Each structure stands twice: as C-alpha cells, then as structure tokens.
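Note sheet for the following structure.
Residue numbers (my numbering): 121 to 357.
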C-alpha cells in the first residue's frame, strides 16, 4: 500500500464509520464472518502504518494534536478542516473494546487470530496502554481475555491433536499452513500481547502479578512438542 493511499484511508474517516458494524446482529455464521472481515481490515491497516502514525491517528480521535511528521504533512497538503466531524461519529476507543469482545465471542479461529493480531498492535501504542493505567476494569478485561485464549489453545492441544501434529510438523516445515502452525500463531500473538504489558514501566508490576501460571512454566513447550520457537517466545517474558 503506497504512502499516499494509506493516509487517504486515514483521512477518509472510513475506519471510524465502519466501527458500528461490530454491533450488527444476525445469524451467527454471518456475524462471525462480518467480524472476521472487520478485524482483518483493522489488523491489516495497523500493520501498514508506523507506530507514530497510529499514535497520530488516535490523537485525532481523542481530539489531541498529532505528533507524526508524516501525518501532519499529509493533512497540510490536503487541507483537512472537518476532521472532528468525521471522527465524532464513533470514537476509535471503541476499537479496543470490540477487539477484546471478539476474543471471547469469536467462535472461529480466524476471528481470534485477527483479534489477537490487532490487539498486539494496539497494545504497542502508548495511548492505548495509558488507558489501562487508571481503568482497572479494562485492564482486567485484557488479562481475562488473553488468559481465556490461552485456555482455548490448551484445550485444542489434546493428546489426539498432538499425535496428528507430528505429521503436520513435517508439512509445516515445507511451508504449508496447518492447524498446528495456526494454533502456534495464536500463542505467539497472545505472548506478544502479554509482553507489551510487561515492558510498560507503569503496567509491569501489575501485569507480572496477573501473569498466568502457564506462562511461568514449560506448559506450552510440552504441549507444542518441545517446539523451539515456543520456548523462545516464553523466554522473552
């Protein structure tokens, strides 16, 4: 995605206008696919921008001046004057809430994967982590939902699944996507989310206190058949 097109997407207000679609009710199958699509859009968008640009975009949402030179240049060139009218519709603060909700409610692995990818990106933003400093309910929700995902991963790694994984590991070594590699990716993003909480100087102590026991042991190393990648991720925290 070229730089000018990325900023066009920001400035169009589309990303805030789409937020209400997270609240659409309907058939579970249809809603699941809608949420997966929305989460995929936001996750992809967040991966295309620098953290500074993401901070700037959220600053606009909260009514604060942005701190990104790239974002300022784009706004100055295009003469944006009605930015507040665009983002007043729905605050981007809702994005974190919708993402956390998807971790619990998403029945499909695709939704959980996209939600975790997006959450790991959002937690890299200082503004988003700062919300957790005083909003204890939101902080607890983050911890609870991430712990829920870890339980979900543990339940998937049954002895039968592990036996089948031996065959899948050979496939994954050839670059093929398998249930084993997909579940491993879920664990990777979950650990990344916890890592963002732990490295924050304000949240560090509180996050460490709430760190699930599974992350303090070799639980996942054993579940994933002594996988060195999993061992390395756990060592980071």
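Backbone N, C-alpha and C define an ideal beta-carbon position, used for all residues, glycine too. Predicted, not measured: the structure shown is a model, and the values here were computed from it.
- Here DSSP, grouped into helix, strand and coil, assigns residue 173 to helix.
- For residue 357, the three-state secondary structure derived from DSSP is coil.
- Residue 299 places its beta carbon 8 Å or farther from that of residue 335.
- Residue 240 holds the alpha-carbon nearest to the alpha-carbon of residue 312 among 344, 240, 333.
- When only Cα atoms are considered, residue 304 and residue 231 end up about 15 Å apart.
- Within its own chain, the residues whose Cβ lies closer than 8 Å to the Cβ of residue 309, once the five positions on either side in sequence are excluded, are 233, 236, 237, 239, 240, listed in chain order.
- Nearest to residue 159 by C-alpha distance, out of 267, 317, 215, is 215.
- Contact between the segment 217 to 226 and the segment 243 to 253 is not established, with fewer than three Cβ pairs separated by less than 8 Å.
- Taking a 10 Å sphere around the C-beta of residue 219, we find 16 or more other C-beta atoms and assign the residue as buried.
- In the three-state scheme derived from DSSP, where H, G and I count as helix and E and B as strand, residue 322 is classed as coil.
- For the set 262, 301, 242, the Cα lying nearest the Cα of residue 276 is the one of 301.
- Just so you know, the alpha carbons of residue 333 and residue 320 end up roughly 20 Å apart.
- For residue 136, the uninterrupted alpha helix (DSSP H) run begins and ends at 134 to 137, by DSSP.
- Burial check for residue 260: the Cβ neighbour count within 10 Å stays below 16, so the residue is exposed.
- Here DSSP, grouped into helix, strand and coil, assigns residue 277 to coil.
- Cβ-Cβ distances below 8 Å link residue 314 to 266, 327, 331, 335, 357 in the same chain, with the five nearest sequence neighbours on each side left out; the list follows chain order.
- The beta-carbon distance between residue 348 and residue 245, rounded to whole angstroms, is 30 Å. This is too long to meet the 8 Å contact definition.
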